[in-house]
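>
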Amino acid sequence: MSSVTHPIPTKLKAGNGLPTPHIGPDIDAYKKAHALTTGEHRDSFWEKAAKETLYWHRPFSTVLTGGFEHGDTAWFQEGGLNACYNCVDRWAIQNPDKTAIIYEADEPGHHQEISYGELLREVCKVANVLKNMGVKKGDVVSIYLPMTWHAVVAFLAVARLGAVHSVIFAGFSAESLRDRVIDGKSTVIITSDEGKRGGKTIATKNIVDAALKECPDVNNVLVLQRTGNPVNMQQGRDYWWHEETAKVVPYCAPEIVSSEDPLFILYTSGSTGKPKGVVHTTGGYLLGAALTVKYVFDVHENDRYACMADVGWITGHTYIVYGPLLNGVSTTVFESTPVYPNPSRYWDVVQKHKLTQFYTAPTAIRLLRRLGKEHLQGYDLSSLRVIGSVGEPINPEAWDWYNEEVGKKECAVVDTYWQTETGSIIISPMPGAIPCKPGSATFPFWGVEPVILDPVTGHLLEGNDVEGVLAVKQPWPSMARTVFGDHARFLDTYLKPYPGYYFTGDGAGRDHEGYIFIKGRVDDVINVSGHRLSTAEIESALILHSGVAEAAVVGVQDELTGQSISAWVTMKPEFKGSVDENLVKELTLQVRKVIGPFAAPKSLYVVGDLPKTRSGKIMRRIIRKIVAGEGDQLGDLSTLGDPAVVDDIKDKFAKGQ
Ligand code: PRX
Numbered sequence: 001m002s003s004v005t006h007p008i009p010t011k012l013k014a015g016n017g018l019p020t021p022h023i024g025p026d027i028d029a030y031k032k033a034h035a036l037t038t039g040e041h042r043d044s045f046w047e048k049a050a051k052e053t054l055y056w057h058r059p060f061s062t063v064l065t066g067g068f069e070h071g072d073t074a075w076f077q078e079g080g081l082n083a084c085y086n087c088v089d090r091w092a093i094q095n096p097d098k099t100a101i102i103y104e105a106d107e108p109g110h111h112q113e114i115s116y117g118e119l120l121r122e123v124c125k126v127a128n129v130l131k132n133m134g135v136k137k138g139d140v141v142s143i144y145l146p147m148t149w150h151a152v153v154a155f156l157a158v159a160r161l162g163a164v165h166s167v168i169f170a171g172f173s174a175e176s177l178r179d180r181v182i183d184g185k186s187t188v189i190i191t192s193d194e195g196k197r198g199g200k201t202i203a204t205k206n207i208v209d210a211a212l213k214e215c216p217d218v219n220n221v222l223v224l225q226r227t228g229n230p231v232n233m234q235q236g237r238d239y240w241w242h243e244e245t246a247k248v249v250p251y252c253a254p255e256i257v258s259s260e261d262p263l264f265i266l267y268t269s270g271s272t273g274k275p276k277g278v279v280h281t282t283g284g285y286l287l288g289a290a291l292t293v294k295y296v297f298d299v300h301e302n303d304r305y306a307c308m309a310d311v312g313w314i315t316g317h318t319y320i321v322y323g324p325l326l327n328g329v330s331t332t333v334f335e336s337t338p339v340y341p342n343p344s345r346y347w348d349v350v351q352k353h354k355l356t357q358f359y360t361a362p363t364a365i366r367l368l369r370r371l372g373k374e375h376l377q378g379y380d381l382s383s384l385r386v387i388g389s390v391g392e393p394i395n396p397e398a399w400d401w402y403n404e405e406v407g408k409k410e411c412a413v414v415d416t417y418w419q420t421e422t423g424s425i426i427i428s429p430m431p432g433a434i435p436c437k438p439g440s441a442t443f444p445f446w447g448v449e450p451v452i453l454d455p456v457t458g459h460l461l462e463g464n465d466v467e468g469v470l471a472v473k474q475p476w477p478s479m480a481r482t483v484f485g486d487h488a489r490f491l492d493t494y495l496k497p498y499p500g501y502y503f504t505g506d507g508a509g510r511d512h513e514g515y516i517f518i519k520g521r522v523d524d525v526i527n528v529s530g531h532r533l534s535t536a537e538i539e540s541a542l543i544l545h546s547g548v549a550e551a552a553v554v555g556v557q558d559e560l561t562g563q564s565i566s567a568w569v570t571m572k573p574e575f576k577g578s579v580d581e582n583l584v585k586e587l588t589l590q591v592r593k594v595i596g597p598f599a600a601p602k603s604l605y606v607v608g609d610l611p612k613t614r615s616g617k618i619m620r621r622i623i624r625k626i627v628a629g630e631g632d633q634l635g636d637l638s639t640l641g642d643p644a645v646v647d648d649i650k651d652k653f654a655k656g657q
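As structure tokens, then:
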């Protein structure tokens, strides 16, 4: 844990000509304010915040009912509202010309600003098109779109109808897309002809076509023209976005939904092979998204905010779409990569669009740090005030580089901890109030009471200088409500492991001053470049290969991507092919095909056998130790069936094949 403490940076001090931070000037201000959001103050805090932050078409009278025991929390339940109205109409009425979206296309030099007025018209048109396709309140609409600004339109059009969006990251394979469309019971998909990223073209519609071969219930596909290259269009099923939106009026009344009606489903990986459809509801989720953008990024009215994530993940949902738009500021949709056409792309974007907040992942920071600071030279980054990090623990070296080279030691660096399931940030510095320590997400957000528990006994570890598993003591509005179609799984994963608490699945420590340091997952989840993958999911993909008998997948520390995937397989006796480089390639391709390119193992080894207990259970712990370079500290091997297997694995690992 880092012992260096960075004071509040100059740009976050009041009286410097920049907006005065919402919370400051010191940690006492934060502590006082936080104390008024928990315990006996909890409900009155959330009641006031919900009324001030969101527009309710129908008021609520109850703040919270239910709890962790049954997983039946309900927030603001009598309330009625519409997510899209809150994100768009409110600002379009006040100031239709204000920029809602800054779109930076993949092709350098191609960018566009979309005003709130224009966004409202485009959203209404798409909502009317969807309505004509039969979409109504409560229906699940799948979205498989690259990072164009139209993706934001698609989200909001679905929400405007009170329908539920299920966004599937456009890097997922046809098979993954198929499974998610079927699980969500969608009958409509919104997609594009192709996608562009880093100068490459992605065959989006082809992937959708392949997926839909096995989704008989999908009867309408709305296709955005992104590149204009010819694609297959199935008559009676596939419709062009530009043609359909030209037929309808640009206004559509928002459908008022109950606060607890679902807003979206988002699939994420857990410790089993089957992805979970995490369900977020409307009122509570929107409140968390809005408040965290306001306080964690210290957003003010004229800010031009950018989150460089993909809308296909929760970070994009909350911090590209909902959070910034709920605050009425300008949000950025960045289609490219940090290194296209060169490693100055981010800084070119910051300078060109005069961005005030910038939010990315440690993996991008590490990559840019490695490529050298000369790529920042000559770029004017002086508009920035708050720079954020999310998705994985940020190592102090990367934190320092970000602070020095990007923030010029004048910006706040916010290391924000949260998850798909938490809906919005739950632990993070308040930029004008909390001095930072590199590698620490510092202190909880309003209303959140994190605890550290003994992983074995579940006992609360009180005080400072403790380490254990991270859980949360009280419900908060933006937490997930269930796993789509499987509430038992929701309870088993999050609420039952440590009764009375929400369990995050992460390990964490609190240092001598109460700063929280996140240590990473304690379950079978691997975090590769901020992408969350389950070992079981990758193993299942490998086993689908006809020659593979068994597979074991473990995470390895990686300088650039945080963790990388190391896969170990055995072949069936009847497998007649040769065990060579081609087989390794074929098996890697298998994972790309079943899950998506981002899930491909970095190393893959074919071995004679895997280490197992006498009862046949694969001992991944042993492989994990060997690939971590700790093959000489394997500990107790008394339960191991055949000790010779370990030598074979060590040998293969040493040879790198
Ligand atoms: O392990 C934690 C890590 O990412 C996991 C959540 O992944 P996902 O649901 O995909 O959401 C990613 C974006 C919020 C967590 O369980 N994680 C996220 N943020 C941090 C982090 N680990 C350390 N520090 C963070 N700031």
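Counting from 1, one number per residue, gives the positions in the sequence shown under the working numbering. Note that beta-carbon positions come from the ideal geometry of N, C-alpha and C, so glycine has one too.
Can we count Arg366 as close to the ligand PRX, meaning its CB is less than 6 Å from some heavy atom?
Looking up residue 366 in the sequence shown gives position 366. Answer for Arg366: no, Cβ out of range of the ligand PRX.
> Can you have a look at Glu194 and say buried or exposed, based on whether 16 or more other CB atoms are within 10 angstroms of its CB?
The count along the sequence shown starts at 1 and reaches residue 194 at position 194. It is buried - the Cβ of Glu194 has at least 16 other Cβ atoms within 10 Å.
> What do you reckon, is the C-beta of Gly312 under 6 Å from a heavy atom of the ligand PRX?
For this step, residue 312 is matched to residue 312 along the sequence shown. Gly312: no, Cβ never under 6 Å from the ligand PRX.
> If we ignore side chains and look at the alpha-carbon of each, how far apart do Trp75 and Thr62 end up?
Start at 1 with the first residue of the sequence shown, and residue 75 comes out as number 75. Start at 1 with the first residue of the sequence shown, and residue 62 comes out as number 62. Cα to Cα, the separation comes out at about 7 Å.
> Could you pull the start and end residues of the alpha helix (DSSP H) that Tyr379 belongs to?
Along the sequence shown, one-based indexing puts residue 379 at 379. From DSSP, Tyr379 is part of no alpha helix (DSSP H); its letter is neither H nor E.
> How close, in whole Å, do the beta carbons of Ile434 and Ile27 come, if the pair is a contact with beta carbons under 8 Å?
By one-based count along the sequence shown, residue 434 stands at place 434. By one-based count along the sequence shown, residue 27 stands at place 27. Between Ile27 and Ile434 the Cβ distance is about 6 Å, and since that is below 8 Å, they are a contact.
> For Cys252, which three-state DSSP category applies?
Here residue 252 refers to the residue found at position 252 of the sequence shown. Three-state result, Cys252: coil.
> Just checking Thr493 against the ligand PRX - is the residue's beta carbon closer than 6 Å to any of the ligand's heavy atoms?
Along the sequence shown, read from residue 1 onward, the residue named residue 493 stands at position 493. Flag unset: Cβ of Thr493 not near the ligand PRX.
> Do Trp418 and the ligand PRX come close, with the Cβ less than 6 Å from some heavy atom?
Translated into positions along the sequence shown, residue 418 becomes position 418. Yes, the ligand PRX has a heavy atom inside 6 Å of this Cβ.
> Spatial neighbours of Asp72 within its chain, please: CB distance less than 7 Å, with the 5 preceding and 5 following residues excluded, ordered by chain position.
The residue labelled residue 72 in the question sits at position 72 within the sequence shown. Cβ within range, chain order: Gly66.
> For Ile202 versus Ser142, is the C-beta spacing smaller than 7 Å?
Taking the sequence shown and counting its residues from 1, one reaches residue 202 at position 202. Taking the sequence shown and counting its residues from 1, one reaches residue 142 at position 142. No; because the gap between Cβ atoms is not below 7 Å, this pair is not in contact.
> Where do the N-terminal and C-terminal ends of the beta strand (DSSP E) with Ala508 fall, by residue?
What you label residue 508 is simply residue 508 of the sequence shown in a count that begins at 1. 502-510 is the extent of the beta strand (DSSP E) around Ala508.
> Which same chain residues end up closer than 6 Å to Tyr664 when comparing Cβ atoms and leaving out the 5 residues on each side of it in sequence?
This structure gives no information on residue 664, because the portion of the chain shown stretches from 1 to 657.
> By Cβ distance, which residues of its chain are closer than 7 Å to Ala398, with the 5 residues on each side in sequence left out?
Translated into positions along the sequence shown, residue 398 becomes position 398. Result list for Ala398: Pro362, Ile365, Arg366, Arg369, in chain order.
> Beta strand (DSSP E) containing Cys307: first to last residue?
Within the sequence shown, numbered from 1, the residue matching residue 307 stands at position 307. First-last of the beta strand (DSSP E) with Cys307: 304-307.
> For Glu550, I'd like the list of residues in its chain whose CB is within less than 6 Å of its CB, leaving aside the five on either flank, ordered along the chain.
Numbered from 1 along the sequence shown, position 550 holds the residue referred to as residue 550. Within the same chain, Glu550 has close Cβ partners Thr570, Leu610.
> Consult DSSP for Lys572 and reduce its assignment to one of helix, strand or coil.
Residue mapping note: residue 572 aligns to position 572 of the sequence shown, counting from 1. Correct three-state label for Lys572: coil.
> Can you tell me where the beta strand (DSSP E) holding Phe517 begins and where it ends?
For the purposes of this step, residue 517 is identified with residue 517 of the sequence shown, where counting begins at 1. 516-521 is the extent of the beta strand (DSSP E) around Phe517.
> Considering just the uninterrupted stretch of the alpha helix (DSSP H) at Arg633, what are its terminal residues?
Numbered from 1 along the sequence shown, position 633 holds the residue referred to as residue 633. The residue asked about is misnamed: residue 633 is Gln in this sequence, not Arg. Here Gln633 belongs to no alpha helix (DSSP H), and DSSP marks it neither H nor E.
> Could you give the first and the last residue of the continuous alpha helix (DSSP H) run that contains Ala684?
Residue 684 lies beyond the residue range present for the chain, which begins at 1 and ends at 657; the question has no answer from this structure.
> Cα-Cα, which of Gly608, Arg614, Pro96, Glu586 is closest to Pro601?
Here residue 601 is taken as the residue at index 601 of the sequence shown, counted from 1. Looking at the Cα atoms, Glu586 is the closest of the given residues.
> Are the region 274-283 and the region 482-496 touching, with three or more C-beta to C-beta distances below 8 Å?
The region 274-283 vs the region 482-496: in contact.
> How big is the Cα-Cα spacing for Thr292 and Ala157?
Your numbering for residue 292 matches position 292 in the sequence shown. Your numbering for residue 157 matches position 157 in the sequence shown. Roughly 24 Å separates the two Cα atoms.
> Under three-state DSSP, which class holds Asp400?
The count along the sequence shown starts at 1 and reaches residue 400 at position 400. Note: Asp400 maps to helix in three-state DSSP.
> Less than 7 Å between the C-beta atoms of Ala154 and Thr282, yes or no?
Here residue 154 refers to the residue found at position 154 when the sequence shown is read from its first residue. Here residue 282 refers to the residue found at position 282 when the sequence shown is read from its first residue. No.
> What number of angstroms, rounded off, separates the C-alpha of Lys519 from the C-alpha of Arg510?
By one-based count along the sequence shown, residue 519 stands at place 519. By one-based count along the sequence shown, residue 510 stands at place 510. When rounded, the distance between both Cα atoms is 11 Å.
> Once DSSP output is grouped into helix, strand and coil, what is the label at Thr422?
Locating residue 422 in the sequence shown gives position 422, where the first residue counts as 1. Note: Thr422 maps to coil in three-state DSSP.
> With a cut-off of 8 Å, do at least 3 Cβ pairs link the region 606-621 to the region 634-652?
Result yes; three or more Cβ-Cβ pairs closer than 8 Å.
> For the beta strand (DSSP E) that Trp240 lies in, which residues bound it at each end?
Within the sequence shown, residue 240 is the residue found at index 240, counting from 1. Run containing Trp240: 238-240, per the beta strand (DSSP E) assignment.
> Is any heavy atom of the ligand PRX found at a distance shorter than 6 Å from the C-beta of Ile426?
Here residue 426 is taken as the residue at index 426 of the sequence shown, counted from 1. False, no ligand heavy atom lies under 6 Å from that Cβ.
> Would the C-beta of Ile526 count as close to the ligand PRX, meaning under 6 Å from any of its heavy atoms?
To locate residue 526, count along the sequence shown from 1; it is residue 526. No; taking the cut-off as 6 Å, the Cβ of Ile526 has no heavy atom of the ligand PRX nearer than that.
> Can you give me the start and stop residues for the alpha helix (DSSP H) that Ala541 sits inside?
The count along the sequence shown starts at 1 and reaches residue 541 at position 541. Element bounds for Ala541: 535-543.
> Tell me which same chain residues have a C-beta within less than 6 Å of the C-beta of Thr561, skipping the five on either side of it?
Mapped onto the sequence shown, residue 561 falls at position 561. Around Thr561: Thr363, Val528, Ser529.
> What would DSSP say about His22, mapped onto helix, strand or coil?
As a position in the sequence shown, residue 22 is number 22, starting the count at 1. His22 falls in the coil class under three-state DSSP.
> DSSP state of Gln94, grouped into three classes?
Sequence index remark: in the sequence shown, residue 94 carries index 94 (1-based). Three-state DSSP puts Gln94 in a helix.
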